[in-house]
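The block underneath contains the structure these notes are about, expressed in structure tokens.
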Amino acid sequence: MRRIVFFDFDGTLVDSAPDLAHAANLQRIRKGLPALEYAALRPYASQGARGLLGAALNLQPGHTEYEMVRQQFLQDYKNCMTTNSRLFTGITELLDKIEQNNIGWGIVTNKAKDLSFPLFDHFQLTTRSVANVCGDTTPYAKPHPAPLLHAAQLANSLPEHCIYVGDDERDIIAGKAANMATIAVSYGYCNNTDKIHDWQADMIVDKVNELWDAITHLIQKNEVGND
Numbered sequence: 007m008r009r010i011v012f013f014d015f016d017g018t019l020v021d022s023a024p025d026l027a028h029a030a031n032l033q034r035i036r037k038g039l040p041a042l043e044y045a046a047l048r049p050y051a052s053q054g055a056r057g058l059l060g061a062a063l064n065l066q067p068g069h070t071e072y073e074m075v076r077q078q079f080l081q082d083y084k085n086c087m088t089t090n091s092r093l094f095t096g097i098t099e100l101l102d103k104i105e106q107n108n109i110g111w112g113i114v115t116n117k118a119k120d121l122s123f124p125l126f127d128h129f130q131l132t133t134r135s136v137a138n139v140c141g142d143t144t145p146y147a148k149p150h151p152a153p154l155l156h157a158a159q160l161a162n163s164l165p166e167h168c169i170y171v172g173d174d175e176r177d178i179i180a181g182k183a184a185n186m187a188t189i190a191v192s193y194g195y196c197n198n199t200d201k202i203h204d205w206q207a208d209m210i211v212d213k214v215n216e217l218w219d220a221i222t223h224l225i226q227k228n229e230v231g232n233d
């Protein structure tokens, strides 16, 4: 059965933090507050609106203004989402190498479809990917394993033949619960590289150019284990 590598999106394939931070700072500016330094917001880029609004405004779900501000944040983000976001250096070459070795790859993100697919299209990933699963594709989002299990079905593979790569603890929890091998990456938005070891991923990678070796190592390990 064909091997599949699934990737988280923000902080794993794409550095979307500049545009997310800009949208978060716009909410501060609307309230007459000064913009925060980019470095203060970047670590929250994988946490979506909840994390960014918490960091930018100390605004949490349940607050009377939260939903109104969240909707404005999402609209502002839609307007700027392709301005400064970029594939991490080395990702293009990695995806090419994966395909050249007859390994499939796909995307499993907690980002909603209406925010995900414009970016997938912008980076010309949509049709190359064997599965594009978003935060509202299934009734559950990560850390629930449902999105990953659905992705494996779409890719006509079994979870035990798949690898999941992500930069957040939720990614590793979901991957392990789905019975996939897992790779945690520290080059994304993980702001505590010591804590990443507590996630108990099968492998930890600090640089994009180390991912190919980690992927092939886990594939070979799986093949040996199934002999």
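In the numbering used here, the protein residues as written are 7 to 233.
Cβ coordinates follow ideal geometry from the N, Cα and C atoms, glycine included.
By the beta-carbon neighbour count (other beta carbons within 10 angstroms, threshold 16), Q106 is exposed. Boundaries for C140: no beta strand (DSSP E) harbours it, and the DSSP string shows neither H nor E there. Here DSSP, grouped into helix, strand and coil, assigns F94 to coil. Ranked by how close their Cα comes to the Cα of L32, the residues D102, D200, V75 and I104 have V75 in first place. Ranking M7, L19 and R8 by CA distance to the CA of V171 puts L19 first. With a cut-off of 8 Å on Cβ pairs, the segment 152 to 166 is in contact with the segment 127 to 142, counting three or more such pairs. The criterion of a C-beta distance shorter than 8 Å is not satisfied by T188 and G194. Straight-line spacing of the CA atoms in G54 and I35 works out to 19 Å. A straight line joining the alpha-carbon of D82 with that of S22 spans about 14 Å. The C-alpha of P153 is placed about 7 Å away from the C-alpha of V114. The residue among E73, L80, K119 and W111 with its C-alpha nearest the C-alpha of I221 is W111. Where Y50 is concerned, there is no enclosing beta strand (DSSP E), because DSSP gives it neither an H nor an E. Scanning N90, K84 and P149 for the CA closest to the CA of D120 turns up K84.
Judged by beta-carbon spacing, A190 lies within the 8 Å limit of I178, meaning their Cβ atoms are closer than that value. Residue state for D208 is assigned as coil, using DSSP reduced to three classes. Assignment of G172 by DSSP, reduced to helix, strand and coil, places it in the strand class.
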